[in-house]
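Below is one structure, written out as structure tokens, with a few remarks after it.
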Amino acid sequence: MDKKLLIVGNWKMHLTVHQSSLLVHRLQERIATHRDVEVVLAPSMLALQPLSMEIDRRRFRLAAQNAYHKDEGAYTGEVSFAMLGDLVHYAIVGHSARRLYFGETLDIVRDKVQAAVRNDIVPIICIGETKQERDAGETKQVIHDQLTTALMNLTGKEIENIVLTYEPVWAITTFDGIVAKPRDVQEAIRFMRHQVEELYGERTANAVRVLYGGSVNEHDVRSYLELPEVDGVLVGAASLNYHQFSEIVKIAHQVQTEQN
Ligand code: PEP
């Protein structure tokens, strides 16, 4: 079988622990186990522990939305990747909300990627330009800088196991919410893989999973998943709605069935 499609729901700072638990129950009622689709939920930090006991692990995996890059120490208020090791399989790193609202620099993102890998957590690294950068013709430069810094210090073998996401800031619902054309997504992801190939070789570039994220919903998900370059999607707003999210997973399975 080719790579599984990876569908990640980023719940951001939404839902109490109780509401998170209800959403998981609703999703478990609707989402079947598919061998060709992997479904990952990224609830708030607070909900990770209870959900880790409630989820059916054959159907879902958990992701943290963030963590601190040091393993332990006097860092009041932080939670480390080391502490999350038993709870999550994945962690979102370098999300544009973190880069833009919390001052995460290229170097901080690099340190977090390394901390995740060091603690056997697969980083889902978000990469993408703002509207201003796109309008200024800087898209490739921004992708290049974010990608090469994030992967710095990792081996080709480690990169084969991580997940990259092309997530242009202008396409995210809560920023400009402009729906990206599949052609633009394809071009950006080809460029990302090309960068990986130049630095780490063809095998690594083919193995690394690359997702698309930005206002994905049940109506347009197929247009992205049908692109051969796209290994899945990162879903924000639509992942909070169990009808929409379960439909997205269903469509991913259909696309896989048609293509294999
Ligand atoms: C996100 O912020 O990771 C995201 C993909 O959001 P949305 O789908 O709401 O654009």
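Last residue of the sequence shown: number 421 in the numbering used here, and the count goes up by one each step with no gaps. We treat Cβ as the ideally placed atom computed from N, Cα and C, and that holds for glycine.
In angstroms, rounded to a whole number, what distance separates the CA positions of M162 and H195? Along the sequence shown, one-based indexing puts residue 162 at 1. Along the sequence shown, one-based indexing puts residue 195 at 34. Low confidence applies here, because M162 scores a pLDDT of 48, under 50, leaving its location unreliable; read the following figure in that light. In a straight line, the C-alpha of M162 is about 13 angstroms away from that of H195.
Residues bridged to Y229 by DSSP? On the sequence shown, residue 229 is found 68 positions in, with the first residue counted as 1. Beta-bridge pairing links Y229 to S241.
Taking the alpha-carbon of K164 as reference, which of I253, D232, E199, H380 has the nearest alpha-carbon? Within the sequence shown, residue 164 is the residue found at index 3, counting from 1. Selected option, being the one with the closest Cα: E199.
With which residues is F406 paired in a DSSP beta bridge? Position 245 of the sequence shown, counting from 1, holds the residue named residue 406. Bridge partners of F406: none, in fact.
Looking only at its chain, what residues have a beta carbon closer than 6 angstroms to the beta carbon of G246, apart from the 5 residues adjacent to it on each side? Counting from one through the sequence shown, the residue named residue 246 turns up at place 85. Once the five neighbours on either side are set aside, the close Cβ partners of G246 are N280.
Between N421, Q180, I286, D392, which has its C-alpha nearest Q307's C-alpha? In the sequence shown, counting from the first residue as 1, residue 307 sits at position 146. Among N421, Q180, I286, D392, the Cα nearest to that of Q307 belongs to I286.
Cβ pair F336, L188 closer than 9 angstroms: The count along the sequence shown starts at 1 and reaches residue 336 at position 175. The count along the sequence shown starts at 1 and reaches residue 188 at position 27. L188 sits away from F336, with the two beta carbons spaced by 9 angstroms or more.
beta-carbon H380 near the ligand PEP non-hydrogen atom, thresh 8 angstroms: As a first step, residue 380 must be located in the sequence shown, where it is residue number 219. Result no, Cβ not under 8 angstroms from the ligand PEP.
Kindly identify the DSSP beta-bridge partner or partners of Y373. Taking the sequence shown and counting its residues from 1, one reaches residue 373 at position 212. Its beta-bridge partners are Y327, V394.
I need the straight-line Cα distance from A193 to T266, nearest angstrom please. Counted from its first residue, the sequence shown places residue 193 at position 32. Counted from its first residue, the sequence shown places residue 266 at position 105. Cα to Cα, A193 sits roughly 39 angstroms from T266.
Any heavy atom of the ligand SAM closer than 8 angstroms to the Cβ of P204? In terms of ligand content, the structure shown lacks the ligand SAM and carries the ligand PEP instead.
Beta-bridge pairing of Y262 - partner residues as DSSP gives them: For the purposes of this step, residue 262 is taken as the residue at position 101 of the sequence shown. Y262 is not bridged to any residue.
Within 10 angstroms of its Cβ, does H404 collect 16 or more other Cβ (buried), or is it exposed? Here residue 404 corresponds to residue number 243 of the sequence shown, with the count starting at 1. So H404 counts as exposed.
Same chain, Cβ closer than 6 angstroms to R426, neighbours up to 5 away in sequence not counted: Because residue 426 is not part of the residues shown, which for the chain are 162 to 421, the question remains open.
Relative to the alpha-carbon of A277, which residue among I304, F263, V324 has its alpha-carbon at the smallest distance? As a first step, residue 277 is located in the sequence shown; it is residue number 116 there, counting from the start. Cα-wise, what sits closest to A277 is V324.
Mind checking whether the beta-carbon of T309 lies closer than 8 angstroms to any heavy atom of the ligand PEP? Numbered from its first residue, the sequence shown carries residue 309 at position 148. Result no, Cβ not under 8 angstroms from the ligand PEP.
May I have a chain-ordered list of the alpha helix (DSSP H) segments no shorter than 4 residues that lie completely inside the region 177-215? The qualifying runs are 178-191, 206-215.
Taking only heavy atoms of the ligand PEP into account, decide whether any of them is closer than 8 angstroms to the Cβ of H175. The residue given as residue 175 occupies position 14 in the sequence shown. Taking non-hydrogen atoms of the ligand PEP into account, the C-beta of H175 is found less than 8 angstroms away from none of them.
Within a Cβ cutoff of 7 angstroms, which residues of the same chain sit near L207, ignoring the five residues on either side of it in sequence? For this step, residue 207 is matched to residue 46 along the sequence shown. V178, listed in sequence order.
Please report the residue range of the alpha helix (DSSP H) in which Y361 lies. By 1-based counting over the sequence shown, the position of residue 361 is 200. Element bounds for Y361: 343-361.
Give me, in chain order, the residues of the same chain whose beta-carbon lies closer than 7 angstroms to that of Y236; leave out the 5 immediate sequence neighbours on both sides. In the sequence shown, residue 236 corresponds to position 75, counting from 1. Counting only residues of its own chain and dropping the five nearest sequence neighbours on each side, Y236 has a CB closer than 7 angstroms to the CB of Y229.
Run through DSSP, which three-state label would I286 get? Here residue 286 is taken as the residue at index 125 of the sequence shown, counted from 1. Of the three classes helix, strand and coil, the one that applies to I286 here is strand, per DSSP.
Any heavy atom of the ligand PEP closer than 8 angstroms to the Cβ of S205? Here residue 205 refers to the residue found at position 44 of the sequence shown. Every heavy atom of the ligand PEP is 8 angstroms or more from the Cβ of S205, so no.
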